[in-house]
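Chains as they are written, first to last, in the working numbering: chain F, 28 to 141; chain D, 30 to 140.
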Amino acid sequence: DGGITQSPKYLFRKEGQNVTLSCEQNLNHDAMYWYRQDPGQGLRLIYYSQIVNDFQKGDIAEGYSVSREKKESFPLTVTSAQKNPTAFYLCASSITGLGVGEQFFGPGTRLTVL
Amino acid sequence: SQQGEEDPQALSIQEGENATMNCSYKTSINNLQWYRQNSGRGLVHLILIRSNEREKHSGRLRVTLDTSKKSSSLLITASRAADTASYFCATDSRTGNQFYFGTGTSLTVIP
């Protein structure tokens, strides 16, 4: 999966709890991304970061938060404010967030709210 | 939204046949990429075509881009059962700092 790891693979959460999904890359990429994928759907961008200590909201940022304190790490917190958090979450990175470049994806985390 | 749409949503073919899937998008792009996703896994990059290119090949893959029609096609020749997966197109934004993924084509190759 291109040098990107996500953990855990499966995550169960009770309603009202915050949970944090881990994403680590050893590709020395500047840019990192979080996507959400629902069954039979494409990917929707939650947050992205082009450089350490900087990140921007994507199309569906409400109810999520991120941090980018280190180049190799971009954790995603799903807060209790996210109304429908059950989904497959994918983290990706690219050499740079600007211009042309392929994205390398992690294996994903499947989050289920009980 | 600039999100692309793939067509067809699902495609089932016999091994050895060719598979063609299409992608349409809404606004001007710098480049278009195709990705593959096996069930429950992350996406894997297949090929990138720039806006000034019309056709690109990579092994059994052939991608075309028609910027006037805002569409692209992915052709997989001599398909194999291992090609069974979902295929997504992705376009960049005008500023180049985001990618927009289509809804995907689910390909099943029957041995």
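Just so you know, even glycine gets a beta-carbon here, dropped at the ideal spot from N, CA and C. This one's a predicted model, so the numbers in the text were calculated from it and none came from an experiment.
For residue i, three-class secondary structure by DSSP
i               : result
A114 of chain F : strand
D112 of chain D : helix
S97 of chain D  : coil
D28 of chain F  : Residue placement at D28 of chain F is flagged as unreliable, the pLDDT there being 46, under the threshold of 50; the coordinate-derived value follows with that caveat. Here D28 of chain F sits in coil by DSSP.
Y54 of chain D  : coil
Q52 of chain F  : strand
S30 of chain D  : The predicted position of S30 of chain D is uncertain, since its pLDDT is 49 and thus under 50; a value taken from the coordinates is nonetheless stated next. Looking at S30 of chain D - three-state DSSP - the assignment turns out to be coil, as it is neither helix nor strand.
D57 of chain F  : coil
F101 of chain F : coil
R70 of chain D  : coil
L90 of chain D  : strand
N81 of chain D  : coil
R137 of chain F : strand
D81 of chain F  : strand
A107 of chain D : coil
E35 of chain D  : strand
S94 of chain F  : coil
N59 of chain D  : coil
S107 of chain F : coil
D121 of chain D : strand
I122 of chain F : coil
I87 of chain F  : coil
T132 of chain D : coil
R130 of chain F : For the sequence presented, residue 130 of chain F should be read as Gln rather than Arg. Here Q130 of chain F sits in coil by DSSP.
Q68 of chain F  : coil
Q44 of chain F  : coil
Residue i: contacting residues in chain F (beta-carbon distance under 9 Å)
i               : result
H74 of chain D  : G29, E129, Q130, F131 and F132
R70 of chain D  : D28, F132, P134 and G135
Q127 of chain D : Y60, L72, Y75, Q83, G85, D86 and G124
Distance CB(residue i)-CB(residue j) smaller than 8 Å
i               : j               : result
Y74 of chain F  : A119 of chain F : no
V105 of chain F : R95 of chain F  : no
Q33 of chain F  : P134 of chain F : yes
E99 of chain F  : H74 of chain D  : no
I105 of chain D : V92 of chain D  : no
D121 of chain D : N51 of chain D  : no
E82 of chain D  : L90 of chain D  : no
S53 of chain D  : K99 of chain D  : yes
P112 of chain F : L48 of chain F  : no
L72 of chain F  : D86 of chain F  : yes
Cβ distance (whole Å) where residue i is taken to contact residue j below 8 Å
i               : j               : result
T134 of chain D : Q38 of chain D  : 6 Å
Y129 of chain D : G33 of chain D  : 6 Å
S57 of chain D  : I78 of chain D  : Contact flag wrong, Cβ pair sits at about 14 Å.
A114 of chain F : L138 of chain F : 6 Å
S108 of chain D : G45 of chain D  : 7 Å
R63 of chain F  : L141 of chain F : About 18 Å separates the two Cβ atoms, so there is no contact after all.
P140 of chain D : A114 of chain D : The Cβ separation is near 15 Å, so there is no contact.
T136 of chain F : L38 of chain F  : 6 Å
Q68 of chain F  : T137 of chain D : The Cβ separation is near 18 Å, so there is no contact.
Beta-carbon neighbours of residue i, restricted to chain F and to distances below 8 Å
i               : result
R131 of chain D : Looking at the sequence shown, residue 131 of chain D is not Arg but Gly. The contacting residues are G69.
Neighbouring residues, chain D, relative to residue i (Cβ below 8 Å)
i               : result
L117 of chain F : G71 and L72
Cross-chain neighbours of residue i in chain F, by beta carbon under 7 Å
i              : result
Q62 of chain D : E129
Residues of the segment 59-80 of chain F with Cβ closer than 9 Å to any Cβ of chain D, in chain order: Y60, Y62, Q64, G67, Q68, G69, L70, R71, L72, Y75 and Q77
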